[in-house]
Structures are given as structure tokens and as C-alpha cells.
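Numbering (my numbering), first residue to last: 1217 to 1483. Shown next, in C-alpha cells, is the structure this report addresses.
See below:
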């Protein structure tokens, strides 16, 4: 970790990216904050790989949106370059950390909704504009489920990292420092969101099997080969399953037939 911190400036210089000292300091702050929060939550509740990649993801969190262009003018995350060319780590490590950064940003938008004690009137996120038509509570389950399926076993790591980006109110106190108070607030928020996800029954949602297979979808659509339209319906049926965790395959097929019929009438 120390070596990678010392090399950040020189790596950025190699890529022609100007990095202020404040950004390097922010890397150190994010790493320290993640370590403290990891300790407070319980390091043993994360696997060795989850802890290791969590700390790397925290370290490079300030550069999560920084990109460079390779010799083919293709946009590449700078974190990818650091992992492969400077740290000489596995390509899969770079891919996981980049995925953690991507999902962390999405997770932040769901945190207020998952811990809200009031009925949610509007639920809109910029990373998923369209879902099937369902009540707001079901839509929240869809969005959260899709997010967890994207990152799988690393969802708690993503949640921990999102505490770095989610605003926490700091209240002045004479009994302990603001820093410790913020850490306690973050730990409490982490546990609240974690409990909300489990209350929704979404822990290990990535293991959920589809109710309807591609052949059945093709039969309903009366087509002989797969393609984009089948993938579109697979996504819709996944969302239906997330919105109806106790729904049967028969109910899912009935919904698809009705939705397809309605769609055909409007086209």
C-alpha cells in the first residue's frame, strides 16, 4: 500500500494527468477511514479477498472517475493502469476494484431510500431509468436486487465504500471528536442498510434462478431464434421476479403474456 501511494504521482505523470497533492492526501484519508470502519464493523465478517480489495478500492476512490486514453485513443480507467502496470496485480483485481467503484456510486443513491421510515413517493435513479411498472416498494426491491446481482458477494464491501461518499451529518460534541462521531454514524448507517437489504430478502439474490427460460420466452413471442428481444424479456422477467419474490413460473408467464399483448396493441 505504501509503495502504491508513493507511486501515484509518478504514474499520473506518466499518463499526462496532473494530480494535486490534495488528491493524494484524500487517498490516504479514504484508506484510513475504510480501515477504521472495517475494524468497527468487524473485519472477520469479510473474507481476506474482500478486505484486501476493499482497501485498494478505498485507496483509489478519489480516482474512480479518472481516465486516460491508450495508444488507440480508447478511454481506460486510470485505476486499471495502476493495477496492471504499477502494482503488477492480477487483471481480475483491477476489474473487481473498478466494479466496486461503479456500484458504490449507484449504492449511494439507494441508501436514503433503504433506511427511510416514511413511505417513498418518488423513486428515480440516474443509473436505471426504466423498470417494469410496479409499486414504489417493489421498485426499490428491483433496483437493490439488480445492484447486488451486479457485484454479488462484494455487496457489503460496496456498502462500506459508499459510506465514504454518502453525506453524514456531523454534530459538535464535547465528549468525543467529530471524526469518531462520524465513524460511529457511518457504522450505524452501514448496519441499517445491511439490515434493510436482508429484510428485503435480497442477501445472495445473485443465486436466484430465472422462473422462465429462453425457449419459453421464444414460444410466447412466436419467434424461432434468440436475440435482443429475448434478452430484453429476460431482463423484464428478472425484474418481475424481484418484485414478486413468492411468484410462481405460471404467474410470471401470465404477466408476460399480458404485457406482450398490451405492448402489441400500442405499437
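Glycine is no exception: its CB is placed at the ideal position from the N, C-alpha and C atoms. Just so it is clear, the structure is predicted and the values come from calculations on it, not from any experiment.
Inset, instruction - Measure the alpha-carbon distance for residue 1260 versus residue 1360 and round it to whole angstroms. - result: 25 angstroms
Legend entry - Boundaries (first-last residue) of the alpha helix (DSSP H) holding residue 1328: 1307-1331
Legend entry - Pairwise C-alpha distance: residue 1467 and residue 1478: 17 angstroms
Inset, instruction - Kindly indicate the opening and closing residues of the beta strand (DSSP E) around residue 1291. - result: 1291-1293
Legend entry - Whether residue 1323 touches residue 1245 by CB criterion (8 angstroms): no
Inset, instruction - Evaluate residue 1353 with the Cβ neighbour count: other Cβ atoms within 10 Å of its Cβ, from every protein chain shown; 16 or more gives buried, anything less gives exposed. - result: exposed
Legend entry - Alpha carbon of residue 1227 to alpha carbon of residue 1439, nearest angstrom: 52 angstroms
Inset, instruction - Starting from residue 1285, follow its DSSP beta bridges and name the residues at the other end. - result: 1291
Legend entry - Cα-Cα separation between residue 1252 and residue 1262, rounded to whole angstroms: 14 angstroms
Legend entry - Start-to-end residues for the alpha helix (DSSP H) that takes in residue 1256: 1237-1257
Legend entry - First and last residue of the uninterrupted alpha helix (DSSP H) at residue 1442: Unbroken run through residue 1442: none, as it is neither H nor E.
Inset, instruction - Have a look at residue 1315 and residue 1480 and give me their C-alpha separation to the nearest angstrom. - result: 37 angstroms
Inset, instruction - Select from 1455, 1339 and 1233 the residue whose C-alpha is nearest the C-alpha of residue 1325. - result: 1339
Legend entry - Cβ-Cβ distance between residue 1459 and residue 1350 below 8 angstroms: yes
Legend entry - N- and C-terminal bounds of the alpha helix (DSSP H) containing residue 1430: 1430-1437
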